[in-house]
Structures are given as C-alpha cells and as structure tokens.
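Asker:
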C-alpha cells in the first residue's frame with residue numbers, strides 16, 4: 001500500500017531533508033509540497049540537489065487538497081504550526097517538526113515561547129516524538145510532536161541513566177556543539193559566512209535556551225521528581241551535526257552498562273566500546289546516534305558523549321521514523337542510508 005504524503009514548509013532545510021529521505025521510501029509518495037515565498041517554484045529550483053526527482057510544484061497551503069492525503073509533515077516555523085494544524089482535516093495524521101506541541105503544559109509553553117498556545121486542545125493530544133521512548137504511544141497517535149534536535153541529543157545520552165538510577169540527578173551538565181543548519185534557512189546576520197566561519201561561540205547561556213523546557217519535562221518525568229540540568233549550546237561553523245558532552249557524577253562502568261542495555265535492540269542508536277569517542281562525521285546524513293562513555297580522572301566522575309545529525313535523527317529522520325510507526329509500516333523504512341563520509 002502506498003501512503004500519500006504532504007510536506008508543509010518544504011522550502012526549508014528540514015523540508016528538503018524529508019524529500020531526500022522519502023524519495024527512496026518503499027511505501028510513501030509525495031503528493032503535495034507547500035511554501036510561502038517560494039510558492040510556484042519547483043523543488044529542483046529551490047534545492048538543486050533534488051532536481052533529479054519528479055515532485056509536485058510548491059504551492060501555498062490553502063491550495064492543497066487534503067482529501068486523499070494520509071499524513072502531513074509540518075515543517076513550518078515555530079508558532080506557525082499551531083494554527084495551521086488546527087485547521088487541517090481531522091482524518092490526517094500529522095508529524096510536526098516545530099516546537100509548537102513539544103511541551104505538554106500550556107503554562108510551560110508560554111514561559112519558554114513567550115505567548116499563550118493557540119491550540120491547547122491539540123497540545124493535550126500530541127505525543128512527544130522521541131521514538132525510542134514513546135514508540136507505543138506514537139503508533140496510535142494522530143499528532144506527534146518532533147523533539148528539538150539539541151533536546152534529542154541530550155536525552156539519548158542521559159535518559160536511560162536516570163531510569164537506571166546510576167547518576168546523581170543534581171549534577172548534570174550538558175555542553176553541546178550545534179551546526180548552523182539548526183538555525184534554519186532564513187537570512188540572519190550572525191550566520192553569514194564572514195560572521196560565523198573561523199569562530200565558535202556559546203549562545204542562550206545561563207538557562208535561557210528553549211530546549212531546557214523539554215529537558216525539564218522529560219527528565220523530571222523519567223525520574224519521578226523535578227530534575228534540572230545545566231545546559232550551554234555552542235554554535236560551530238559546520239553545516240550538519242550535534243555533539244553533546246555530558247558531565248555526570250556516577251560510576252563509568254555502570255553508566256556504560258546502563259546505556260548498552262537500554263539500546264541493545266535499537267537499530268539507530270550505537271553505544272561505542274568503553275573509552276571510544278563519537279564524531280559528527282560518523283553520523284553525517286544518517287538517522288544514527290553514536291554514544292561514547294569515558295571515565296574521568298576524578299573518581300566518581302564520567303562523561304557521556306553523543307553525536308547525531310541535527311537534520312536527520314534530530315529532525316526529519318526522526319519525523320519519518322515516527323510516521324512509519326503511525327502508518328503501521330516498518331519503522332526503519334527509508335532510513336537505513338549509511339552516513340556520508342568523509
């Protein structure tokens with residue numbers, strides 16, 4: 001059976017990544033693509049690396065006939081998805097790649113995003129899209145909220161350790177490096193080549209990054225009590241990839257064992273042998289996560305290092321993995337591409 005797919009916001013990086021992945025999917029067909037400023041253009045004109053594909057022309061959302069569409073990927077900007085998804089036909093399954101439905105509590109959403117949620121009833125319905133931890137709920141969901149790419153990286157490194165009770169919950173520090181594509185495709189002065197290249201800077205320091213809302217929500221749920229982490233992201237002059245170094249208090253062997261057991265049957269998450277370090281180069285363009293554990297010279301201290309591709313496993317690959325489950329298909333379909341190296 002072929003499922004008909006629409007992608008809203010296809011002219012952004014995550015939209016293009018969805019097209020790239022679905023192009024070889026065995027049971028999905030893209031029947032509609034939307035854009036705002038680029039409506040009327042072909043995907044090949046917007047993204048020349050996709051010019052070999054036969055795809056629908058980009059149109060405005062209101063021009064799409066959703067009658068025969070089975071699932072919609074919503075790759076729109078934050079705060080835009082709420083109203084758009086609220087107006088979609090109820091028969092549609094929806095995977096939202098924005099931040100609009102990640103936080104369950106409307107008060108927390110307003111705290112982190114600065115405005116009241118425009119679709120609180122849908123917010124209650126949404127399932128958090130960290131696939132490996134919400135697989136059963138995702139299978140039966142109509143609306144799945146994709147995680148933040150930084151939030152996904154940190155959770156893959158830490159969440160099993162909270163559940164296994166092998167770390168001190170009050171001493172968690174996440175030092176994360178993120179590539180520039182995570183900021184989207186819109187023109188921004190600080191992302192110009194002359195501003196960004198040859199540099200390396202922290203941003204949203206001191207507990208202001210919005211993904212902290214996800215960490216608070218998910219880690220506290222896993223622990224059964226409030227958990228707050230220290231988190232500082234850094235912008236690096238690379239196109240793709242996230243590397244998180246997490247500093248913890250705990251026994252390194254117990255930490256490695258807990259991660260290995262948690263992920264032993266997971267296709268996309270690879271725990272490296274003790275002491276090995278992952279690299280963003282080793283997961284580039286793929287849906288894989290590599291996790292390494294290193295004992296610190298200080299007794300009782302340990303580092304967990306996680307790497308993933310922010311556009312694939314951190315966003316569009318995760319979205320496709322969730323869509324596969326929602327449509328009753330093979331979870332790995334369209335996602336077994338090997339990383340691109342070097």
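In the UniProt record's numbering, the protein residues as written are 1 to 342.
Yeah, the Cβ is synthetic: ideal placement off N, Cα and C, and Gly gets one too.
Answer with buried or exposed for residue 190, where buried requires no fewer than 16 other C-beta atoms within 10 angstroms of its C-beta.
Answerer: Result: exposed.
Asker: Would residue 295 and residue 252 be called neighbours here (beta carbons separated by less than 9 Å)?
Answerer: yes
Asker: Given a cut-off of 9 Å on the beta-carbon distance, is the pair residue 5 and residue 47 in contact?
Answerer: No, these two residues do not count as a Cβ contact at 9 Å.
Asker: Report the CB separation of residue 386 from residue 31 in whole angstroms; it is logged as a contact under 8 Å.
Answerer: No statement about residue 386 is possible, as the shown extent of the chain runs from 1 to 342 and does not include it.
Asker: Is the segment 318 to 331 touching the segment 191 to 200 in the sense that three or more CB pairs, one from each, lie closer than 8 Å?
Answerer: no
Asker: For residue 293 versus residue 275, is the C-beta distance shorter than 9 Å?
Answerer: yes
Asker: Using alpha carbons as the reference points, say which of 7, 43, 225 and 271 lies closest to residue 97.
Answerer: 7
Asker: Pairing CB atoms from the segment 137 to 154 with CB atoms from the segment 119 to 128, are three or more of them under 8 Å?
Answerer: yes
Asker: What's the gap between the Cα of residue 230 and the Cα of residue 177?
Answerer: 14 Å
Asker: How about the segment 205 to 219 and the segment 97 to 109: do they share at least three Cβ pairs that are nearer than 8 Å?
Answerer: Touching, per the Cβ criterion.
Asker: Rounding to the nearest angstrom, what Cα-Cα distance links residue 29 and residue 290 in this structure?
Answerer: 30 Å
Asker: Excluding the five sequence neighbours on either side, which residues of its own chain have a C-beta within less than 8 Å of the C-beta of residue 70, listed in chain order?
Answerer: 3, 4, 5, 92, 93 and 327
Asker: Just the C-alpha distance for residue 173 and residue 156, rounded to the nearest angstrom, thanks.
Answerer: Residue 173 and residue 156 have their C-alpha atoms some 14 Å from each other.
Asker: State the Cα-Cα distance for the pair residue 183 and residue 240, rounded to the nearest angstrom.
Answerer: 11 Å
Asker: Identify the continuous alpha helix (DSSP H) that holds residue 220 and give its terminal residues.
Answerer: 211 to 223
Asker: What first and last residue would you give for the beta strand (DSSP E) that runs through residue 15?
Answerer: That residue, residue 15, is in no beta strand (DSSP E); its alpha helix (DSSP H) goes 13 to 22.
Asker: Report the option in 132, 234, 179 and 149 whose CA atom is closest to the CA atom of residue 159.
Answerer: 132
Asker: Just list the residues that DSSP pairs residue 174 with in beta bridges.
Answerer: 231 and 246
Asker: List the DSSP bridge partners of residue 304.
Answerer: Residue pairing by DSSP puts residue 304 in a beta bridge opposite 246 and 293.
Asker: Give the straight-line distance between the Cα atoms of residue 344 and residue 234, rounded to the nearest whole angstrom.
Answerer: In the structure as shown, the chain begins at 1 and stops at 342. Residue 344 is therefore absent and cannot be evaluated.
Asker: With a threshold of 16 other CB atoms inside 10 Å of the CB of residue 287, please say whether the residue is buried or exposed.
Answerer: buried
Asker: How is the alpha helix (DSSP H) around residue 43 delimited, first residue to last?
Answerer: 43 to 46
Asker: Between residue 272 and the rest of its own chain, which residues show a CB-CB distance below 7 Å, the 5 nearest in sequence each way excluded?
Answerer: 278, 290, 291 and 292, listed in sequence order.
Asker: Grab me the residues of residue 209's own chain with a C-beta within less than 7 Å of its C-beta, minus the 5 sequence neighbours each way, in chain order.
Answerer: 231 and 233
Asker: Can you tell me which of the three DSSP states residue 80 falls into?
Answerer: Three-state DSSP puts residue 80 in coil, outside helix and strand.
Asker: Residue 149 and residue 15 look like a contact to me (Cβ under 8 Å); what is the Cβ gap, rounded to whole Å?
Answerer: That belief does not hold up - the Cβ atoms of residue 149 and residue 15 are roughly 15 Å apart, past 8 Å.
Asker: Just to confirm the assignment, what range does the alpha helix (DSSP H) spanning residue 162 have?
Answerer: 149 to 164
Asker: Taking Cβ positions, are residue 305 and residue 244 nearer each other than 9 Å?
Answerer: In this structure, residue 244 lies closer than 9 Å to residue 305 by Cβ.
Asker: Judging by CA-CA distance, which residue of 82, 139 and 141 is the nearest neighbour of residue 116?
Answerer: 82
Asker: Do residue 242 and residue 179 have their beta-carbon atoms positioned less than 9 Å apart in this structure?
Answerer: yes
Asker: Can you tell which of 341, 228 and 248 has the C-alpha that lies nearest to the C-alpha of residue 309?
Answerer: 341
Asker: State the DSSP-derived secondary structure class of residue 326, mapped to helix, strand or coil.
Answerer: helix
Asker: Who are the Cβ neighbours of residue 198 in its own chain at under 8 Å, not counting the five residues just before and after it?
Answerer: 237
Asker: For residue 316, which option in 10, 1 and 17 has the closest C-alpha, if you only look at C-alpha atoms?
Answerer: 17
Asker: Pick helix, strand or coil for residue 93, following the three-state DSSP scheme.
Answerer: strand
Asker: Around the C-beta of residue 11, are 16 or more other C-beta atoms found within 10 angstroms, so that it is buried, or is it exposed?
Answerer: buried
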